[in-house]
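According to our numbering, the sequence shown is numbered sequentially starting from 48. Note that CB positions come from ideal geometry on N, CA and C, so glycine has one too.
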Amino acid sequence: MRILTPRKSEKARSGAVLVEFALVSSLFVVFLAMILEVSHVYLVINTLNASAKRAARFGVVEGVTSAQTIAKANSYLTKSLSPATATVSVLDGSVFDSPNYNADTFDSSTLTAVELSDLETRDLFVVRVTVPYDQVALIPPIWLDGLTLSGQSVMRHE
Numbered sequence: 048m049r050i051l052t053p054r055k056s057e058k059a060r061s062g063a064v065l066v067e068f069a070l071v072s073s074l075f076v077v078f079l080a081m082i083l084e085v086s087h088v089y090l091v092i093n094t095l096n097a098s099a100k101r102a103a104r105f106g107v108v109e110g111v112t113s114a115q116t117i118a119k120a121n122s123y124l125t126k127s128l129s130p131a132t133a134t135v136s137v138l139d140g141s142v143f144d145s146p147n148y149n150a151d152t153f154d155s156s157t158l159t160a161v162e163l164s165d166l167e168t169r170d171l172f173v174v175r176v177t178v179p180y181d182q183v184a185l186i187p188p189i190w191l192d193g194l195t196l197s198g199q200s201v202m203r204h205e
């Protein structure tokens, strides 16, 4: 036969639930904030890619200048973020056509600016849109300071 022991009084545990709730809810709020911020980062990256792709499609046509293409990319950016925070570049993409191109050792910072009106038919060009993460972050970037988000599109000139 089992001997029953008396229960401890409820007053001894009166604050335990409150402390557990405070700990769990604060971690849950941080987790939700991280999900929100990561989702926002992907939204911005998709916006940058979409504006680069649309501007590159505009720049494919003969007679369009790089300045017009940059203005077109900025006009797409105004719908979702400030174009003043973004940098739009039209770059020479001929390196992708060379037989010596190696994707493992490629450094995109080596691409040079190009004027679209000077390109020949079938020449590659890149429209790149970059924005510093701290300019578009919803929550101040503590551990991602200095990160740059970018989107780009590579097209052939007509």
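Pick from the options that is closest to residue i, judged by C-alpha positions
i, options, result
"ILE189", "VAL174, PHE75 and GLU84", "GLU84"
"LYS126", "ILE82, VAL64, SER73 and LEU90", "LEU90"
"THR94", "VAL111, SER129 and TYR148", "SER129"
"THR112", "SER164, VAL201 and GLN199", "SER164"
Neighbourhood of residue i by C-beta, 7 Å cutoff - its chain only, sequence neighbours within 5 removed
i, result
"SER136", "ALA160 and ARG175"
"GLN182", "THR132"
"VAL108", "GLU205"
"PHE143", "LEU171 and VAL201"
"ALA80", "ILE186"
Straight-line gap, residue i to residue j (C-alpha atoms, nearest Å)
i, j, result
"ILE82", "THR168", "45 Å"
"LEU191", "ALA102", "29 Å"
"GLU162", "LEU185", "36 Å"
"LEU138", "VAL71", "50 Å"
"ALA99", "THR177", "10 Å"
"ILE92", "SER155", "17 Å"
"VAL76", "GLY193", "25 Å"
"ARG49", "VAL64", "30 Å"
"SER73", "MET202", "47 Å"
"SER122", "ALA69", "46 Å"
"PRO187", "LEU124", "22 Å"
"ASP151", "VAL173", "19 Å"
"HIS87", "ALA118", "24 Å"
"ALA120", "GLY110", "17 Å"
"ASN147", "ALA114", "31 Å"
Residue i - partner residues in DSSP beta bridges
i, result
"VAL201", "VAL173"
"THR195", "PRO179"
"SER136", "ARG175"
"ALA160", "LEU138"
Whole-number beta carbon distance between residue j and residue i, since they are thought to touch under 8 Å
i, j, result
"LEU166", "HIS204", "4 Å"
Chain-order list of residues whose beta-carbon lies under 6 Å from that of residue i (same chain, five-residue window excluded)
i, result
"GLY106", "THR116 and LEU163"
"ASN96", "GLY198"
"THR134", "THR177"
"PHE78", "none"
"PRO179", "THR195"
Other residues of its chain near residue i: CB distance less than 8 Å, five sequence neighbours each side excluded
i, result
"SER141", "ASP170 and LEU171"
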